[in-house]
Amino acid sequence: MRRRLGVCGGALLLVSPALAAPVAAAPRWSVATAGVFSDAQPGTSVDVELADLNGDRRVDLLFANSRGEDLVPPGGADEPNQAFIWHEGQLVDVSDALLPGVDAARVILARDFDGDDRVDLFIGSGWQTRSQLLVQLPEADALTPWLPRFAPLLGATPSSPASVGAAAPGDVDGDGDLDLALVDWGPGPSHGGPDDDQGGARLWLNDDGVLLDETLFKLPLEPAPWSWAIELIDLDADLDLDLVVSARGQHGPALTLLRNDGLGNFDVASPPPPSALGQPIVGLVVAAFDGGRDPALDLLLLRQGAPHLALRGDDVGGLQGAPGLWSEPTTSEHAVASALDVDQDGFVDLLLWDGGDPPLRLYRGSETSLSLAPEPAAALQSVELAGARDLELADLDRDGRLDVVIARGGELPRANVVLLATEENAADARPPVIARVLGPDPETPLAPGDELVVRARVHDHKWPARAVDLEWTRLEWRWGAAGDEFTADDAVEMRWYGEHLYRGRVAIPTPAPAAQLWYRVCAADAALLEAPCSTPRAISLDMSEETSSATDGDSASASESDAGSDAGSSGDDSLSGGPDGDAGSASAGDASSTDSGTDGDADADDDGCNCAQRQGARAGSSALALLLALALTRRRRRRRA
């Protein structure tokens with residue numbers, strides 16, 4: 009039993025706990041001061057995006073604003089969006105400069121959609137309007153070099169109007185650029201009411217920076233009326249992006265799983281058993297977290313009119329009920345949540361807003377369940393957090409602790425909220441986890457002129473993820489025998505392609521320097537904590553053939569264009585081992601899969617541009633022939649997939 013010490017008349021007294029007044033636990037987050045963040049001109053926010061917009065390695069804020077959550081007249085939902093960028097120690101409101109005009113935005117995403125290593129913006133618009141793609145211009149204004157410039161790319165989105173309610177980016181067809189999975193509420197008059205069954209999932213494939221609607225050819229048109237949540241995540245451990253769609257409307261299933269064949273063709277997977285979903289109430293939010301501390305991804309369902317609950321993934325694409333893991337009663341119409349490891353103990357925790365009492369609650373993870381933490385998440389009244397529509401996490405003030413950004417809207421404009429972590433939260437002390445590595449089949453040798461393609465899942469103990477979470481994620485390689493050292497000179501930055509998934513490519517030159525090529529994946533987070541690199545793997549080369557696609561140079565050259573698809577590169581599925589993601593002990597060339605132990609290695613929206621990691625990956629070249637070859641390769645890639 010802990011006792012309190014007091015001083016009386018200069019004497020040190022021992023105070024009994026029974027007589028001492030209870031000390032209220034300090035909150036884990038506190039409201040940012042006006043000198044850091046102030047939403048002086050609030051809108052009706054429905055979505056928040058966190059990204060480094062100008063390359064200064066600070067997390068900037070974007071809010072999608074749209075009036076009305078029921079049927080509105082044409083133009084009645086339009087209002088300005090918002091942008092805040094770090095400058096001189098504070099988040100400066102640059103909304104008018106970055107996002108002029110008004111629209112009916114329901115979604116805002118900051119990713120590299122045109123492959124130039126700069127963040128672009130996708131604005132998904134609702135209420136039967138056209139969405140926009142804003143590309144970042146190469147140079148900022150000379151007077152404000154910290155302020156990026158964006159311009160709409162005409163014709164970059166489908167011309168037919170839609171009611172976009174949610175969107176998820178990722179490379180679903182393996183061609184190297186980011187596609188979009190969306191939910192369209194449809195033109196129905198009630199948007200989720202009893203008579204509305206016109207909405208559904210959509211798939212827009214990226215063709216050289218232009219988004220094309222390929223739904224009819226790639227995606228079963230399953231109803232998803234008034235869906236507020238869609239996720240691209242790998243459910244079956246093949247490192248392809250599968251699709252999870254939830255729905256709030258009264259037609260269609262509450263949760264639909266669609267499995268990807270790796271080329272962007274989706275088929276409906278077996279739904280969760282009815283016992284796992286309980287009442288047929290549609291889901292509000294789907295989030296992935298590692299409740300089981302195993303390689304499989306689990307799902308968190310935040311539901312309207314029924315208890316929130318968790319479903320455990322089985323690593324082959326299915327979901328099972330998880331009795332006792334987490335089931336939280338609720339009466340709210342809205343709920344938002346993010347996963348993190350708030351105390352650095354290796355278990356995934358959950359920060360939830362659902363309008364309850366208190367509205368913002370922290371659930372601590374353990375081996376068996378998520379339990380409500382006794383300490384307050386934040387010292388705020390319910391009215392100060394009313395109308396939350398999105399909740400995201402990132403280290404805004406660079407103290408090693410995750411801060412909270414809450415987008416607020418609903419029936420009227422409300423100021424958005426930034427909560428900075430207090431010292432009650434542990435600072436980041438755990439490196440990222442390289443959870444799974446997938447390379448070529450070691451039984452099928454590559455040849456000079458081929459390309460080594462390696463994919464990996466790398467996470468930093470949170471969901472959704474952001475590019476600023478990781479300092480770098482790279483693929484390292486070397487030639488020769490086992491035991492030789494890897495060097496930083498032979499490395500390429502791996503590109504994010506969805507969820508926590510990264511892909512790196514290495515072109516094998518002709519002639520090849522040796523008959524064996526070794527590779528591994530390494531990563532470090534924003535706090536410069538380095539993960540143990542994955543176990544080195546060896547790929548044999550067939551030296552009997554020389555291809556016409558030879559590349560100049562005496563060693564493998566890095567390619568960041570992600571040319572081609574990943575078909576045929578499945579067979580080297582290794583997991584880094586140890587409780588903290590330590591490198592596993594699998595022997596080189598072993599195609600078997602080993603679990604990573606107890607660290608949540610398949611856990612937890614990292615931005616597509618990889619702007620936070622690209623500094624070491626750009627290799628300049630003054631050779632005109634090489635530039636032309638790369639351009640032709642890029643054009644061929646666009647046509648192949």
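In short: position in the sequence shown from 1, add 8, done, that's my numbering. Think of the CB as a built atom: it goes at the ideal place given N, C-alpha and C, for glycine as much as any other residue. Note that the structure is predicted; figures quoted are calculated from it, not measured.
Assigned with DSSP and collapsed to three states, Glu484 falls in strand. Contact between Gly217 and Gly207 is ruled out by a C-beta separation of about 27 Å, above the 8 Å threshold. Look at Asp275 here: in three-state DSSP terms it is strand.
For secondary structure counted as the beta strand (DSSP E) over 3 or more consecutive residues, the stretch 146-208 holds these complete runs in sequence order: 158-160, 172-178 and 187-192. When the five nearest sequence neighbours on each side are left out, the beta carbons in the same chain lying within less than 6 Å of the beta carbon of Gly272 are those of Val180, Asp181 and Lys226, in order along the chain.
Under the DSSP definition of a beta bridge, Val253 partners with Ile238 and Thr264.
Looking at the DSSP output, Gln328 sits in a beta bridge with Arg320.
The C-beta separation of Ala464 from Val529 comes to about 5 Å, placing the pair in contact by the 8 Å criterion. Distance check between Arg406 and each of Asp192, Ala534, Asp362 and His342 places Ala534 closest, using alpha-carbon atoms only.
Contact check for Ala423 and Pro50: beta-carbon distance about 4 Å, within the 8 Å limit, so the pair qualifies. The alpha-carbon of Ala318 is positioned some 19 Å away from that of Ala473.
DSSP places Ala91 within a strand segment (E or B) once states are collapsed to three. Under the three-state reduction of DSSP, Thr223 is assigned to helix. Taking Ala34 as the centre and dropping the five residues before and after it, the same chain places the C-beta of Glu432 closer than 6 Å to its C-beta, in chain order. Following the DSSP letters along the chain, one finds Ser346 inside the beta strand (DSSP E) bounded by residues Val344 to Leu348.
When the alpha-carbon of Val412 is set against those of Leu348, Ala42, Thr223 and Leu155, the nearest one is in Leu348.
In this model, Thr41 and Ala396 are separated by some 20 Å (Cα to Cα). Under the DSSP definition of a beta bridge, Gln98 partners with His95. Cβ neighbours of Leu220 within its own chain (closer than 6 Å, five residues either side excluded): Leu213. For Arg369, the closest alpha carbon among the candidates Phe355, Glu336, Gly354 and Arg511 is that of Glu336.
Taking C-alpha positions only, Thr452 is separated from Gly512 by approximately 19 Å.
The stretch 97-135 is shown to contain whole alpha helix (DSSP H) runs of 4 or more residues at 103-106, in chain order. Between Ile238 and Ala209, the CB-CB gap stays under 8 Å. The way I'd put it, the stretch 320-327 does touch the stretch 240-252; three or more beta-carbon pairs between them come closer than 8 Å.
Phe274 and Ile442 have their C-alpha atoms some 27 Å from each other. In terms of CA proximity to Ala496, Trp485 leads the group Ala490, Trp485, Gln140 and Arg36. Taking C-beta atoms as the reference points, Leu263 and Ala175 fail to come closer than 8 Å.
Residue pairing by DSSP places Glu400 opposite Val413 in a beta bridge. Asp86 is a Cβ neighbour of Asp111, given a cutoff of 8 Å. Counting along the chain, Ala443 sits inside the beta strand (DSSP E) bounded by residues Val441 to Gly447. In the DSSP assignment, Asn73 falls within the beta strand (DSSP E) that extends over Asp68 to Asn73.
Looking only at Asp187, Ala164 and Ser346, the smallest Cα-Cα distance to Arg138 is reached by Ala164.
Beta-bridge annotation (DSSP): Trp471 is paired with Ala347. Here Asp104 is actually not in contact with Ala48; their C-beta atoms are around 12 Å apart, not less than 8 Å. Looking at the DSSP output, Tyr371 bridges to Leu358 and Leu380. Contact between Val191 and Val253 holds: CB atoms are separated by about 6 Å, below the 8 Å threshold.
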